[in-house]
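With our numbering applied, the sequence shown corresponds to residues 7 to 260, in that order.
For each residue, glycine too, the CB sits at the ideal point set by N, CA and C.
None of the values given here were measured: they were computed from a predicted structure.
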Amino acid sequence: MQRRVSDEDIKNRLDKIKFRIAVMSGKGGVGKSTVTALLAVHYARKGKKVGILDADFLGPSIPHLFGLRNIRASVGAEGLEPALTHRYKIKVMSMQFLLPRENQPVIWRGPLIAGVLREFLGRVAWGELDYLIIDLPPGTGDAPLTVMQDAKPNGAVIVSTPQELTSVVVEKAINMAEETKTAVIGLVENMSYHICPNCGHKNYIFGEGKGTQLAAKYRIEFVTEIPIDGELLKLADSGKIEDYETDWFELFPY
């Protein structure tokens, strides 16, 4: 029987990674996985070695975005082998790769999720990376707490949307990062506006400026507004998000 992963195992794996970023929100449905994917592609286009850990065991989206839905995990000499994305060879590990079929639910309580997440942190063969981006599930429970305490991200990127209800819940994620001594290195507002394909008018459907106001309230950097973009939706749905040309993180300093 294989022994449990130790703190030393996790440290040895993560010491080979220069910078670890947790993408979090506190709220579901805001597009954390899309932001994770776009940020990973941003770094990969700069020639960086990038990995994505899909820590949302109950609703993994990363394999779908990158066209990796039919991948199954394999074990090599160094541990669990991450899958490689088609265009930029970003390394990806997801719970989806361990399930017998795509629509198989993971019906686990929090402590079990936390335990398996530690196994991922201590057994995935990332090798040397410039960036590991960790796509967190909604909320402030076992999985996000495990990542904050055991993966010790160098920073967190917060994802919000313009709705007032979302902002209230997102503040919980910001406060969680602060309480776990994780630096918040930026806030991204997703689904900020829509541009009319006919006249080019920018329409802030849910209101304007809420993301910048939230960032100012907590004195964190406002990174960008990502619009409701039909081209992004089309490529994400077809597993070709690496072909999306716009780089919303062009000015991101990390």
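What is the rounded straight-line gap between the Cα of residue i and the Cα of residue j?
i: residue 7; j: residue 122; result: Residue placement at residue 7 is flagged as unreliable, the pLDDT there being 48, under the threshold of 50; the coordinate-derived value follows with that caveat. Taking the straight line from one Cα to the other gives about 15 Å.
i: residue 87; j: residue 230; result: 33 Å
i: residue 36; j: residue 150; result: 16 Å
i: residue 200; j: residue 209; result: 5 Å
i: residue 181; j: residue 125; result: 27 Å
i: residue 77; j: residue 217; result: 36 Å
i: residue 148; j: residue 129; result: 19 Å
i: residue 46; j: residue 232; result: 15 Å
i: residue 262; j: residue 27; result: Only positions 7 to 260 of the chain appear in this structure, which leaves residue 262 out of reach.
i: residue 13; j: residue 24; result: 18 Å
i: residue 188; j: residue 16; result: 18 Å
Got a sec? Which residues, its chain only, sit under 6 Å from residue i by beta carbon, not counting five neighbours each side?
i: residue 191; result: 161, 260
i: residue 243; result: none
i: residue 258; result: 229
i: residue 250; result: 238, 241
i: residue 152; result: 120, 123
i: residue 255; result: 45, 48
At which residues does the beta strand (DSSP E) containing residue i begin and terminate?
i: residue 162; result: 161–166
Please work out which residues of its chain come closer than 7 Å, Cβ to Cβ, to residue i, disregarding the five sequence neighbours upstream and downstream, and give them in chain order.
i: residue 32; result: 144, 145, 146, 175, 176, 178, 179
i: residue 133; result: 22
i: residue 112; result: 63, 64, 101
i: residue 85; result: 129, 130, 131
i: residue 173; result: 166, 216, 220
In the DSSP assignment, find the unbroken alpha helix (DSSP H) run with residue i in it and report its ends.
i: residue 126; result: 116–129
i: residue 216; result: 216–224
i: residue 240; result: 236–243
Item to complete: For the segment 201–210 and the segment 57–77, state whether three or more C-beta atom pairs, one from each stretch, are separated by less than 8 Å.
Response: Taking a contact to require three or more Cβ pairs closer than 8 Å, the segment 201–210 and the segment 57–77 do not qualify as touching.
Practice prompt. Decide yes or no for the touch test of the segment 240–258 against the segment 80–97: beta carbon pairs closer than 8 Å, at least 3 of them.
Written response: Yes, the segment 240–258 is in contact with the segment 80–97.
Worksheet item: In chain order, which continuous runs of the beta strand (DSSP E) of length 3 or greater are located wholly inside the segment 48–72?
Response: Those beta strand (DSSP E) runs which fall completely within the segment 48–72 and span 3+ residues are 56–60.
Practice prompt. Quick one: which unbroken beta strand (DSSP E) runs of 3-plus residues sit fully inside the segment 133–203? Chain order, please.
Written response: The segment 133–203 contains these whole beta strand (DSSP E) runs: 135–141, 161–166, 190–196.
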